[in-house]
Each structure stands twice: as C-alpha cells, then as structure tokens.
Ligand code: IVH
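See the structure below:
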C-alpha cells in the first residue's frame, strides 16, 4: 500500500514524497520479504511492476515491448556477483557497455520511415502517456532521423543490410534537464513567484508533462538515447554497442562517456571513476548502467517480469535525503550579513551527518517556500555545503505558517537592514557580539593572520569575558586573566602567546584579508599589497586609485576606501601599528603574467619552495592553484610524496605532471607548447 502510494506520487503526480534512494529501499525491503515468504507475494505486487498507474491528462500509449526497470545494486560486491553470474551463464566473450545512469525520465520515441510519430513516457511499463506534442518542442530530439538514404514510405530494401532504413524504429533514452538550465529555471520561477523544482529530474518531468506544449518549448531539456526498442526493417545488429553507434549516426544524441569494456575489472573501474567524477558533468547522474553487449547473449539471459537479467544499475550513494525542517534561524557573519539556515532533524547524506544547511538569503527562502515543520529534500554533493533543495509540498501539515525574515538581529537586537537592490540583509551594529566573534575569528584564521589556538570558541569565551572588543585587542591580550580561566593550562597560555607574537610578521595581504573589509578577499588583498606595498599607502588611496588596480575594480575600491574613511577603523589600524604588526608588503615588482588564467595544482613537497611560496609564485603570475585536479587543470607539479589520488586523476584526465625543475622553468617562461 505504501509503495502504491509513492508510485502514484512519483509516476502519476510528479510530486514525490521520497527521494529515489528511499523509494528503492522500500521496494527492496518488500522484495526481500517476498523472497523469504513466497506465499505472501502476489501478481499485483509492486515488486513485479515498474511504475504507477497511467495519468488521465495524456492519452495512453501501449509500448510495443514493455519498458522495463533495472535491477539495482549499491555495492561493488553485488555488482561483481551479477557480473560473475553473467559470465557463468553467457558465452566466454563477455563484453559490457558501461553507461552513465542519467537522472531524468525515460522516453520511448517511435520513428516511422525516419520521422518521429510518437513519443511516450514509461508510465506503468506497459502503457505510457502520449507526450508527442511536447517532445516535438525539444530541440535535442530530432524530428527526423538522418539515415543517409531515402526515407520514403514503402522503401523496400532488404532487412539485413547495414545501410538500410528501418520502416519503424523505437528509440529509448533519458530526457533530462542540464544543471545550469535547472538553476536558471528555478531563478525564473522564483522571480515569478512560482513554485521551484526540487531537482533537475523533477524539473524535467514537470516541464514535459505540461498540457500546453508551449511551456515545454520554453524549458531547456536535453536527451540521451541509450537503447533500441522495436525495430522493423533496416540494419540488423549483433551488439548493443553497434546500436549505439547507429543511433549516433542517425542524428540522435548518445552520451559520449559510454564505454565498451571487457571484463569485470574494467566495469568496476568505470563505476568507481564516475562515482568520483560525477560532479564534473553538467547533468546529474545517479549511477552507472552496465549492460551485456552481445544481443544474442541478452536473448538467452532474458528477463524477469520487472527487469532484464542482462543489465544492472549500480547506484551511487544518494546525495539527496528527506528530513524534517525543525527551524529556520539566522546567523550573523563578520560583515554583519544575516544568513538564514535550516536546522534539520539529522540525516546521513552524501556520506556525512547533516543537521544544518544553508538557505542563502531571504529571497531563497521565499522562492523555495520552506517552512519550519516541512519535510524537505536536503542535498550534499561532494564537498559542497549542504543545501535545502525544497519542501515536499504534499507532506506539508495543514496551516503551516510561512516563515518570515526577522527584522531584528537575533544576537544584539538591533535592526536588520536590507538595502534596495541587494539580496543580503545586514546587522548594521558594528559592535554586535556575533559580528565581533566572527570578525576576530576570521582575523585569526589560517587564510588571514593564522593565529593558532585562537579558534571560534576561544574567541567567544574572550569576547564574553570582555578581553576582546576588536581585532587589535588580540595584541594586548591579558594573558594573566586567560591563565586564570578554567581549562587554560600554563602551556596553553604560552602557546597562544607565541602564536599571537608570531602572527605580527604575517605578510600585508594576510593582514588585509583579516580586516574583514566587505568584498575584499584573498586575491584582491594580494593585488593591493603588491601594488601599494604598505598599509598606509592603501589607507591613503582614493576609491578610484584602488579601483584602477588591475583585477580590483570599483566595488572593492569603494569598499576599501569606505573602510579606511571610518575613524573607528583608523583607531584599530593605529593600535595594530603600535603593537608592531607588519604593514609593509612586497614591492610592486611587475611580474609578467606568463601563466594568466591557468589552473596549476601543486602536490607533494618541493625542495626549494614551501607550498605557500609555490602557490604565491603561481598566483603572482596570474595562475590559480586549487587543491584538486579537474579537467580544467593545465598542469600538475609533483614534488616528493605527491598525493596519489591527484596523480591518478591527472593520469586519467591526461593532465601533464612535471617536477620542480620544470616548475621553475614554468615560472620563467610560462607553459611550454607541448
Ligand atoms: S537502460 C531495460 N540505460 O534508469 C533497460 N536506463 O531503472 C532499460 N536510465 O527507466 C533501461 N540512464 O529511465 C538504461 N544509460 C541508461 C540509463 C537508464 C538512465 C534510467 C531509465 C530507466 C531507469 C532504470
């Protein structure tokens, strides 16, 4: 019953209450119960069927052959067990196609004499919905196949020659919405005060299943063909990979990452590699589909009532889960920015326990229409900060009030202000304790003055005790008082004292970063430090002079000038100077930008450079030096004991790896030609 209910929500109403992974788990549980208790299983059990009922909005279409589901696994062991079964049952030559499992919705496209005559959704697997008019508006789906010959009706070529034209061919594939299109659509929906979509798959489904095809036409949908269905006339195929090549040559889009591999080791490697790289794609995938390539072997293997035996879906660990939104709170950052965030009933998602997730700003909360008490979809992809994608509106308790942004700072009680044309709201009270703690913590953080042992909780303790009122107070800390605090052993106090002392010599750019000047980040600070060479010169410069520095611009220029124009800030600067904090920066030696725009990754230990120096040298020449290798990486510099994951990734992506000598040459002359 429960599964029936979720089937309907997913397949018929496009308004699911569970994430896919949760649904799969539910069906998996039932299948297990049925296996263990065969007398409980019935013909009408959801485990024997594919989808939900058929909706009444679109005309029903009976599929020529059922559109089956796939057996799924979430473990490599099970995947390999499936493969070994294939190898036992099949002939000796087991080649597999490995395909990305696109997270969209399955479509069946019927072409007669090369023309698209019918497009249908999967529906319950036997009968889908006629969405021809809507699909006709999707430019990624050709109205006519390119068959390299006449496509006239009655064309009477022999059936089995390769160049022949099928009189009827059914193409199956996945309709999906690229991530960029999804973000853009949600932005537009938000602006129009319309409901936002929870994920790209929902957006694709919602965009397709429109009464008015003009709405579908306005949505950016794409399609990957992955399977031939019915075929009358035309070429004959012996391998799945041939059908993919044929579909490609006929003008259908076939995913470029499909690989034909031999042996289970390579299947395993394909799955692992894409699980790592899934976020390099501009569409969402939720796993890998592995298919036996030989079509004769497929027929021998056959199907169960629900799924073919010759294919399996390896599903990645889910990055989306549902949970309850307990509350929405607002945090105050170091610039006073008030950021709403979701307090969640904890869930494990994307491999981590998530109990807080950002909601970005007031407009985002409104656009997503999330309310405390909602069941929400939470996503955590890779290293990205967890995000609330949206509420499951079907599960909203009745009468749940809309959430409204507070008008007062939750910490100091002063007004929160949102200026015209800005999306962010600010607590404008400079001495708001929340801002103080955030600003001082930031000043002491690694990217700024790097004061060890002065983390957020310590700062909060010191602010509360009245020891710290601004960043300059760090250099006048009353260490005797600190020593009197509980938990502060003599050695801890000495460590902190040393760290504070050491930080005075940090480079000018770090000091600039530490001042929490709005819009001024690490790059802008580097540029200003290099150009002006001294904090006093920066403080004396006009907004125009600051803005004229290449890469700085007006917003930062105005913000920096504004900061130094405030007497209170001048006082802090003077106190930092009196404390002996370094104000001098590197002289403005104009370094030729021989590496402009390149992304160069450094890994391992170099003998003549520290990591910081190497990265600074790259940045001074216009390059970026991120921590991970992606397809945008131009070069990897490897020292002693390099990161093996980085090297493997570089090798896989064909990114060149060079040593320290080549690195120094690079700094001189830029990227070599070959
Ligand atoms: S083959 C009988 N290949 O995953 C085999 N499916 O539960 C039919 N999907 O309904 C599916 N990418 O919507 C196949 N490369 C791919 C796929 C794929 C995504 C979807 C499809 C199907 C579901 C399986």
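Numbering (my numbering), first residue to last: 7 to 680. Cβ atoms here follow ideal geometry from the backbone N, Cα and C, with glycine treated the same way. On a predicted model such as this, the values are computed, not experimentally measured, just so you know.
Within a Cβ cutoff of 6 Å, which residues of the same chain sit near residue i, ignoring the five residues on either side of it in sequence?
{"i": "residue 3", "result": "A query on residue 3 cannot be resolved here, the shown segment of the chain reaching from 7 to 680 and no further."}
{"i": "residue 673", "result": "623"}
{"i": "residue 117", "result": "151 and 175"}
{"i": "residue 549", "result": "563, 564 and 567"}
{"i": "residue 225", "result": "213"}
What would DSSP say about residue i, mapped onto helix, strand or coil?
{"i": "residue 180", "result": "strand"}
{"i": "residue 530", "result": "helix"}
{"i": "residue 147", "result": "coil"}
{"i": "residue 565", "result": "helix"}
{"i": "residue 222", "result": "helix"}
{"i": "residue 292", "result": "strand"}
{"i": "residue 556", "result": "coil"}
{"i": "residue 217", "result": "coil"}
{"i": "residue 655", "result": "helix"}
{"i": "residue 104", "result": "strand"}
{"i": "residue 643", "result": "strand"}
{"i": "residue 374", "result": "helix"}
{"i": "residue 310", "result": "coil"}
{"i": "residue 436", "result": "coil"}
{"i": "residue 369", "result": "helix"}
{"i": "residue 407", "result": "coil"}
{"i": "residue 457", "result": "coil"}
{"i": "residue 194", "result": "helix"}
Give me the Cα-Cα distance between residue i and residue j, rounded to the nearest whole angstrom.
{"i": "residue 648", "j": "residue 667", "result": "15 Å"}
{"i": "residue 473", "j": "residue 518", "result": "23 Å"}
{"i": "residue 290", "j": "residue 265", "result": "18 Å"}
{"i": "residue 204", "j": "residue 327", "result": "12 Å"}
{"i": "residue 477", "j": "residue 571", "result": "18 Å"}
{"i": "residue 430", "j": "residue 409", "result": "17 Å"}
{"i": "residue 323", "j": "residue 363", "result": "19 Å"}
{"i": "residue 129", "j": "residue 254", "result": "26 Å"}
{"i": "residue 228", "j": "residue 139", "result": "16 Å"}
{"i": "residue 177", "j": "residue 111", "result": "14 Å"}
{"i": "residue 427", "j": "residue 365", "result": "19 Å"}
{"i": "residue 388", "j": "residue 270", "result": "26 Å"}
{"i": "residue 454", "j": "residue 625", "result": "17 Å"}
{"i": "residue 5", "j": "residue 316", "result": "Within the shown structure, residues of the chain are numbered from 7 to 680, placing residue 5 beyond reach of any answer."}
{"i": "residue 619", "j": "residue 653", "result": "21 Å"}
{"i": "residue 141", "j": "residue 258", "result": "14 Å"}
Tell me residue i's beta-bridge partners as DSSP assigns them.
{"i": "residue 421", "result": "414"}
{"i": "residue 431", "result": "344"}
{"i": "residue 230", "result": "180"}
{"i": "residue 174", "result": "118 and 238"}
{"i": "residue 134", "result": "67"}
{"i": "residue 396", "result": "383"}
{"i": "residue 317", "result": "297"}
{"i": "residue 525", "result": "Paired residue(s): none; residue 525 is not in a bridge."}
{"i": "residue 335", "result": "347"}
{"i": "residue 674", "result": "DSSP, once it has assigned bridges, lists no residue as partnering residue 674."}
{"i": "residue 540", "result": "590"}
{"i": "residue 663", "result": "642"}
{"i": "residue 84", "result": "DSSP lists no partner for residue 84."}
Using only CA atoms, which one of the options lies nearest to residue i?
{"i": "residue 79", "options": "149, 191, 318 and 143", "result": "318"}
{"i": "residue 661", "options": "646, 642, 678 and 676", "result": "642"}
{"i": "residue 185", "options": "140, 172, 118 and 109", "result": "109"}
{"i": "residue 342", "options": "508, 435, 257 and 621", "result": "435"}
{"i": "residue 143", "options": "599, 124 and 102", "result": "124"}
{"i": "residue 419", "options": "373, 223, 344 and 86", "result": "344"}
{"i": "residue 658", "options": "283, 368 and 470", "result": "283"}
{"i": "residue 293", "options": "216, 105, 96 and 225", "result": "105"}
{"i": "residue 349", "options": "137, 377 and 369", "result": "377"}
{"i": "residue 70", "options": "122, 126, 91 and 213", "result": "126"}
{"i": "residue 121", "options": "149, 94, 528 and 301", "result": "149"}
{"i": "residue 242", "options": "194, 551, 170 and 145", "result": "170"}
Spatial neighbours of residue i within its chain, please: CB distance less than 7 Å, with the 5 preceding and 5 following residues excluded, ordered by chain position.
{"i": "residue 403", "result": "379"}
{"i": "residue 417", "result": "338, 438, 439 and 440"}
{"i": "residue 542", "result": "589"}
{"i": "residue 320", "result": "79, 85, 277, 293, 294 and 296"}
{"i": "residue 413", "result": "421 and 422"}
Tell me which same chain residues have a C-beta within less than 8 Å of the C-beta of residue i, skipping the five on either side of it?
{"i": "residue 459", "result": "498, 501, 502 and 505"}
{"i": "residue 288", "result": "184, 185 and 186"}
{"i": "residue 162", "result": "For residue 162, the predicted structure reports a pLDDT of 42, less than 50, and the residue's modelled location is therefore unreliable. The matter cannot be settled from this model."}
{"i": "residue 481", "result": "506, 510, 581, 582, 585, 586 and 587"}
{"i": "residue 83", "result": "none"}
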